[in-house]
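Peer 1: Residue numbers (our numbering), protein chains in the order written: chain A, 2 to 373; chain B, 2 to 373; chain C, 34 to 311; chain D, 34 to 311.
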Amino acid sequence: MSSVTIDKLDKTYSPGKSDSFRAVKGIDLHIKDKEFMVLVGPSGCGKSTTLRMIAGLEEITGGTLKIGDRIVNDVAPKDRGIAMVFQNYALYPHMTVFDNMAFGLKLQKMPREEIKRRVDNAADILGLQTMLDRKPKALSGGQRQRVAVGRAIVRQPEVFLFDEPLSNLDAKMRVQMRTEISKLHARLDATMIYVTHDQVEAMTMGDRICVMKDGNIMQVDGPLNLYNKPQNMFVAGFIGSPPMNFFVGNVSDQAGAKKFTEKPASGTGFEILLDNRLSEAAAKQSGKGVVFGVRPEDIEIVTAADSEAIEAAIDVAEPMGAETFLYLTTAGGHNFIAKVQADHSFSLGEKIFVRFDLARSHLFDTATENVL
Amino acid sequence: MSSVTIDKLDKTYSPGKSDSFRAVKGIDLHIKDKEFMVLVGPSGCGKSTTLRMIAGLEEITGGTLKIGDRIVNDVAPKDRGIAMVFQNYALYPHMTVFDNMAFGLKLQKMPREEIKRRVDNAADILGLQTMLDRKPKALSGGQRQRVAVGRAIVRQPEVFLFDEPLSNLDAKMRVQMRTEISKLHARLDATMIYVTHDQVEAMTMGDRICVMKDGNIMQVDGPLNLYNKPQNMFVAGFIGSPPMNFFVGNVSDQAGAKKFTEKPASGTGFEILLDNRLSEAAAKQSGKGVVFGVRPEDIEIVTAADSEAIEAAIDVAEPMGAETFLYLTTAGGHNFIAKVQADHSFSLGEKIFVRFDLARSHLFDTATENVL
Amino acid sequence: MAEKINKFYEGVKVGYVGFVLFFAFVPLFIMVVVSFKSNDQFLQNPWFFDSPDTWKWENWAVAWDTVNGYIANSIFVSFTGTIVTLVIVLMCSYAIARFNFPGKNIIFYLVMATMFLPGTVAALVTLFNLLMNLGLVNSLWALVVMASVGGQVAGVFILRNFIEDIPKELFESTQIDGGGHFAQIRHIVLPLSASIISVTCIMDFLGSWNQVILPLLLLRDDALLTIPVGLFRLDGEYVKQYGELMAGYAISSVPLLVIFLFSMKFFVKGLAAGAVKG
Amino acid sequence: MAEKINKFYEGVKVGYVGFVLFFAFVPLFIMVVVSFKSNDQFLQNPWFFDSPDTWKWENWAVAWDTVNGYIANSIFVSFTGTIVTLVIVLMCSYAIARFNFPGKNIIFYLVMATMFLPGTVAALVTLFNLLMNLGLVNSLWALVVMASVGGQVAGVFILRNFIEDIPKELFESTQIDGGGHFAQIRHIVLPLSASIISVTCIMDFLGSWNQVILPLLLLRDDALLTIPVGLFRLDGEYVKQYGELMAGYAISSVPLLVIFLFSMKFFVKGLAAGAVKG
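#1: Kindly list, in the order they appear in chain B, the residues whose Cβ is closer than 9 Å to that of T330 of chain A.
#2: Please list the residues of the stretch 207-228 of chain B that have a C-beta atom closer than 7 Å to any C-beta atom in chain A, keeping them in chain order.
#3: Who are the near neighbours of K107 of chain A in its chain, counting only those whose CB is closer than 7 Å to its CB and skipping five residues on each side?
#4: In whole angstroms, give me the CA-to-CA distance for D34 of chain A and G69 of chain A.
#5: Give the DSSP bridge partners of K259 of chain A, in chain order.
#6: Answer yes or no: does any C-beta atom of chain B fall closer than 9 Å to that of S206 of chain C?
#7: Rounded to whole angstroms, what's the CA-CA distance from L170 of chain B to Y90 of chain B? Just pull it up for me.
#8: Could you tell me the distance, in whole angstroms, from the CA atom of K18 of chain A to the CA atom of L127 of chain A?
#9: Does I196 of chain D have its Cβ less than 9 Å from a Cβ in chain C?
#10: Should A84 of chain B and V160 of chain B be called a contact, given that it needs their Cβ atoms to be closer than 9 Å?
#11: In this structure, how does DSSP classify L289 of chain D when only helix, strand and coil are distinguished?
#12: According to the neighbour-count rule (16 or more other Cβ atoms, all chains shown, within 10 Å of its Cβ), is R213 of chain D buried or exposed?
#13: Under 8 Å by Cβ, that's how I've got N74 of chain A and I61 of chain A pegged, so tell me the actual separation to the nearest angstrom.
#14: Is the separation between the beta-carbon of R113 of chain B and that of V155 of chain B shorter than 9 Å?
#15: Would you mind listing the alpha helix (DSSP H) stretches within the stretch 72-128 of chain A that are 4+ residues and don't spill past its ends, in chain order?
#16: Anyone know if the C-beta pair for D358 of chain A and I300 of chain A falls short of 9 Å?
#17: Judging by CA-CA distance, which residue of B:D316, B:E324, B:V355 is the nearest neighbour of S308 of chain B?
#18: Using beta carbons (cut-off 9 Å, strictly below), is K12 of chain A in contact with chain D?
#19: Which bits of chain C does F348 of chain D rub up against, with CB to CB less than 7 Å?
#20: Counting C-beta neighbours from all protein chains within 10 Å, is the total for V122 of chain D 16 or more, i.e. buried, or is it exposed?
#21: Decide if the stretch 10-26 of chain B is in contact with the stretch 269-286 of chain A; the criterion is three or more beta carbon pairs, one per stretch, under 8 Å apart.
#22: What are the residues of the stretch 236-251 of chain A that lie near chain B, defined by any Cβ-Cβ distance shorter than 9 Å?
#23: Can you grab the Cα-Cα spacing for the pair L329 of chain A / V86 of chain B, in whole Å?
#24: In angstroms with no decimal places, state the Cα-to-Cα distance between V120 of chain D and L225 of chain D.
#25: Report all residues from its chain with a CB closer than 7 Å to the CB of D8 of chain A; omit the five preceding and five following residues, and keep chain order.
#26: On the three-state DSSP scale, how would you describe D222 of chain A?
#27: Using a Cβ-Cβ cut-off of less than 9 Å, give me the residues of the stretch 88-100 of chain B that come near chain C, in sequence order.
#28: Output the distance between the C-alpha atoms of A310 of chain A and T331 of chain A, rounded to the nearest integer angstrom.
#29: Could you name the residues of chain A that P265 of chain B contacts, counting a contact when the two beta carbons are closer than 9 Å?
#30: What residue range does the beta strand (DSSP E) around G27 of chain A cover?
#31: In terms of residues, what are the limits of the beta strand (DSSP E) holding Y328 of chain B?
#32: With DSSP as the reference, label L275 of chain A as helix, strand or coil.
#33: Buried or exposed, going by whether 16 or more other CB atoms sit within 10 Å of the CB of L290 of chain D?
#34: Mind listing, in chain order, the continuous beta strand (DSSP E) runs of no fewer than 3 residues lying wholly within the stretch 182-209 of chain B?
#35: The stretch 174-185 of chain A: which residues have C-beta closer than 9 Å to a C-beta of chain B, in chain order?
#36: DSSP state of N246 of chain A, grouped into three classes?
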């Protein structure tokens with residue numbers, strides 16, 4: 002097993018031409034030995050390109066890539082000590098499960114007994130023992146993905162690479178494979194790099210998560226730190242579902258403390274008296290625009306009498322069973338979402354009052370979009 | 002607009018042959034005028050076949066289908082007053098958005114002005130005005146699905162049929178289109194029948210939800226009733242994510258009340274003293290097997306000192322941000338899931354104690370799987 | 034990938050491209066070269082042009098005289114035959130791809146089986162004789178019928194696979210809109226399989242155009258001959274005049290080049306259209 | 034769907050099936066019928082068998098004598114030519130589908146353009162003459178080379194589209210496993226495109242098998258002739274003996290039937306294999 006070190010890694014497609022495109026913009030990232038690192042971001046953020054450069058499927062146009070202590074920029078994929086699991090499984094439809102798993106080893110001219118030993122071992126780990134004679138067509142999506150993982154395991158690589166491996170599965174199977182891969186990581190004690198666009202997968206699987214956008218790294222941190230202490234609006238909005246609500250406005254002084262005033266689209270914006278922590282943050286930004294961010298679950302329904310009450314109208318109410326998502330509009334004409342207890346029913350158009358939990362709210366700089 | 006009445010509807014493929022398959026088993030369902038009815042179930046449950054029989058794309062092999070007061074078993078699809086939105090959009094790739102929406106009307110030889118009026122109106126409703134000249138290729142998935150909905154709107158049908166229309170979209174777009182279709186239903190005030198395998202879509206969109214399994218209807222009810230008062234284990238396990246936890250065991254008398262004892266896979270099963278409501282239910286089943294069901298969010302972490310504490314070991318902890326899913330194993334060797342606050346971190350293998358909220362738990366008959 | 038690997042790939046690519054171009058264009062180049070030579074010149078230097086003042090322009094004159102009167106015949110037969118074939122292939126492959134009926138696969142394989150039979154020549158000679166009895170003797174229409182009868186099997190096979198790959202929701206959606214099978218062929222199959230259909234048509238057209246045996250066997254009237262037969266006659270007299278022959282082929286390829294220039298756009302469009310899949 | 038609609042569809046289906054079968058099998062049936070007739074019998078009743086005691090079995094004897102010696106030649110030329118063509122088509126389409134190099138599309142269209150040129154006959158005659166100069170005169174190998182040079186363009190076009198549709202992850206996965214381009218062709222392209230490749234091969238084989246002009250023009254030695262040319266000679270003497278001709282074609286189709294029976298399984302397997310897509 003090995004660490005992976007990326008130093009000023011850069012990828013430009015068609016360099017020097019008119020349709021040249023810089024997909025990865027000189028990123029630095031150190032993935033520790035035995036770590037489960039998730040690269041996450043919207044499509045086009047460069048996460049897959051980065052993974053494919055680590056695999057050797059894309060040429061590196063700048064920077065260095067180290068696996069362990071060895072610079073592998075110019076090493077062929079098969080000699081990098083990596084194995085990759087693809088989104089669409091990449092199984093040979095005409096071969097049995099056994100032959101699919103054994104294929105790479107056969108190409109390496111490994112002795113038959115060793116191949117059989119390794120495949121049987123991988124099949125044991127993945128619960129595929131009874132399916133070794135079947136063709137991929139006869140397997141469910143989850144089983145196919147397990148065979149694809151098996152193909153990686155038999156190679157005994159130093160680093161496992163996963164390229165959105167669960168995207169082709171249905172929701173229930175996705176949840177199940179998620180925990181299976183987590184358990185596999187614990188069992189194999191291997192370095193794994195996992196690319197996904199799904200923030201839930203990232204949160205639940207990663208030891209650390211690297212959030213990317215437009216070829217840059219926005220933040221690298223553990224799951225709960227990302228959720229509770231986002232460094233910028235992008236991370237705050239990307240991690241969590243439904244996403245964090247943002248209100249654009251500005252900060253002014255009121256009676257010694259700071260006050261946030263929403264900039265309304267129409268009508269009147271709401272006002273919030275900030276607590277100490279937020280006031281301190283806001284002080285850095287006096288007079289300039291700020292964005293107030295609060296997660297749906299940190300919004301509470303209160304009565305009109307509450308001193309911090311903000312008025313809102315219900316557009317749509319989505320009952321989820323345990324809780325209900327309310328799609329709301331402020332008096333200032335901005336939409337936001339609240340996650341509330343499912344214990345009473347709501348009628349569309351109804352006016353309600355909510356309070357934001359300031360201890361769990363954030364302020365961002367409008368210009369840089371970084372947290373204050 | 003119209004109601005849809007299904008009476009003993011039956012579908013058998015290849016009747017009388019060896020590969021004959023009865024996909025829909027004589028179901029009754031009344032969909033009210035202007036209702037949003039969701040048919041939900043795992044694949045193969047007959048929900049799509051039912052929808053396709055309503056559309057006229059599958060022959061009805063038994064029972065009657067009424068749209069409004071008219072029996073339409075033998076009416077051609079185009080004369081049933083329905084419009085259908087397909088999962089893969091079914092757009093003509095070589096036609097512009099306008100032509101795609103106008104196609105059905107052109108086939109009906111409607112005057113050009115009327116076609117233009119209707120298409121413009123639909124484009125207004127769906128926010129497609131600026132895209133009428135584009136080809137489907139130049140649109141995002143969400144926009145394509147909106148064009149597909151537009152094709153249905155321009156036909157001004159009595160009943161809209163949706164066949165998993167959001168399955169090909171990514172998660173964020175799915176959430177957005179979900180609320181858009183809900184708002185569209187409110188705006189058009191039309192009868193809509195919506196097929197999905199996703200219980201979240203069903204819960205959030207349906208006025209009523211019809212849960213199907215193996216060609217039979219398991220329960221028809223409003224979203225919160227389905228969640229809180231499931232009629233059988235299938236509905237209880239299908240609605241909600243993560244699903245309800247089930248523990249097989251039996252009921253015995255203890256000190257005047259009833260006691261549930263888990264049937265362990267290994268080790269010792271846990272015991273729970275039932276409250277009045279559950280005791281009454283259990284009394285119907287005295288001596289026979291019961292299944293105890295509790296949802297993940299109705300499980301609370303307590304100390305060992307708590308009188309109702311049940312011991313469990315942590316297999317995997319999945320932080321979601323606002324809450325954490327714990328994958329647990331009882332001393333009796335059964336797996337279950339708890340949804341707890343994210344405010345402290347858990348280590349794998351750790352032993353904890355939990356308490357089930359009896360007021361929100363359910364008992365089922367092991368044999369019939371119906372609620373007691 | 035490493036620089037070294039890239040250079041290796043670069044070499045492989047150049048090799049491939051050269052290989053393809055060689056096999057595709059050398060014969061054509063040589064055709065033009067030879068068309069300007071006498072038989073003696075050809076035997077001395079078949080590979081390249083001689084000095085321009087020794088060029089045998091008269092080859093082209095002879096060839097033009099020979100081919101001249103047959104061009105209209107060739108165009109008529111090939112064009113009409115292709116259209117008729119297209120209609121038959123479209124209908125058959127649509128039926129096989131979209132309808133389910135008992136024994137469908139058996140019928141399909143039987144039809145495929147006919148592809149392996151002596152087909153072309155044998156069947157056509159038979160049919161022609163029947164046509165003769167029916168009073169269609171010595172008519173270009175006889176050739177058109179022949180062209181339409183043989184050789185659709187491969188087209189049906191390919192187009193059927195293609196139609197089966199079109200998402201069935203497209204057809205169903207048209208059905209709900211009130212479109213029948215004709216509308217479905219016209220608005221779905223034709224536009225979506227434009228590329229594959231154009232290839233099939235062009236193959237058919239080329240087949241008819243280069244067809245020698247049928248007209249040679251079946252047409253009595255010299256005025257009705259098609260180009261290749263005319264050239265074949267040129268070829269048959271006394272000693273082969275390679276120069277004249279090549280000039281004749283060059284002339285006979287002009288209509289094909291025109292078609293190519295027109296259908297090129299269609300090809301490119303068809304290739305780019307793969308929109309359903311994306 | 035309503036009963037009425039169903040009955041209408043039922044009618045349409047039966048019509049289609051009948052149509053297909055008619056065009057596919059009537060010529061073959063008539064070929065067999067005619068092979069048992071004298072010319073007089075043929076002119077009186079071309080559509081069906083006469084009473085068995087008037088059958089002209091000697092047609093088959095004459096045909097067998099004529100065809101007999103050419104069968105091995107035909108098999109050799111068609112078989113070898115098909116294999117060589119297959120290799121060229123595979124390599125070209127793989128290169129065009131998988132490699133990116135500047136001007137790739139232009140080259141592709143140029144190659145496609147050659148399909149429209151007089152191709153086949155003209156180019157081959159040219160090349161043959163070159164071969165003659167190179168000392169390959171009057172050899173079956175010359176025919177093999179001819180067969181391999183012409184007519185791969187359509188195959189390349191079809192196979193290239195097919196290869197581009199194979200998910201690129203399959204190739205990449207093999208690449209990570211250490212497989213080069215040869216391994217990728219062998220383990221991915223060949224098995225996955227078995228169906229389309231077999232169709233291409235069979236078309237090539239049929240083309241070679243039924244080829245008349247090339248051997249007629251190019252082979253001097255009677256012992257080297259292929260079946261259709263032998264039959265063509267039969268056809269040319271004095272009056273056409275339709276019965277003998279048809280018997281000859283029937284005999285010459287036997288090897289094709291054998292191939293069909295063998296490749297049938299392959300076809301079915303290829304058709305069922307669409308597993309990647311599902």
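All residues carry an ideal CB built from backbone N, CA and C; glycine is no exception.
Peer 2: Reading from the atomic positions:
#1: Neighbours of T330 of chain A on chain B: none; closest Cβ ~13 Å, over 9 Å.
#2: P224, L225, Y228
#3: I116
#4: 8 Å
#5: A:D254
#6: yes
#7: 11 Å
#8: 47 Å
#9: no
#10: yes
#11: helix
#12: One point to set straight first is that residue 213 of chain D is Gly, not Arg, in the sequence displayed. The residue in question, G213 of chain D, is exposed, as its Cβ has fewer than 16 Cβ neighbours within 10 Å.
#13: 5 Å
#14: no
#15: 98-108, 113-127
#16: yes
#17: B:V355
#18: no
#19: Outside the modelled stretch of chain D, which goes from 34 to 311, sits residue 348 of chain D, for which no answer is possible.
#20: buried
#21: no
#22: I240, G241, S242, P243, P244
#23: 28 Å
#24: 16 Å
#25: D29, G64, T65
#26: strand
#27: Q88, N89, Y90, A91, L92, Y93, P94, H95, M96
#28: 12 Å
#29: Simply none; closest approach about 22 Å.
#30: 22-32
#31: 324-331
#32: coil
#33: exposed
#34: 192-197
#35: V176, R179, T180, S183, K184
#36: strand
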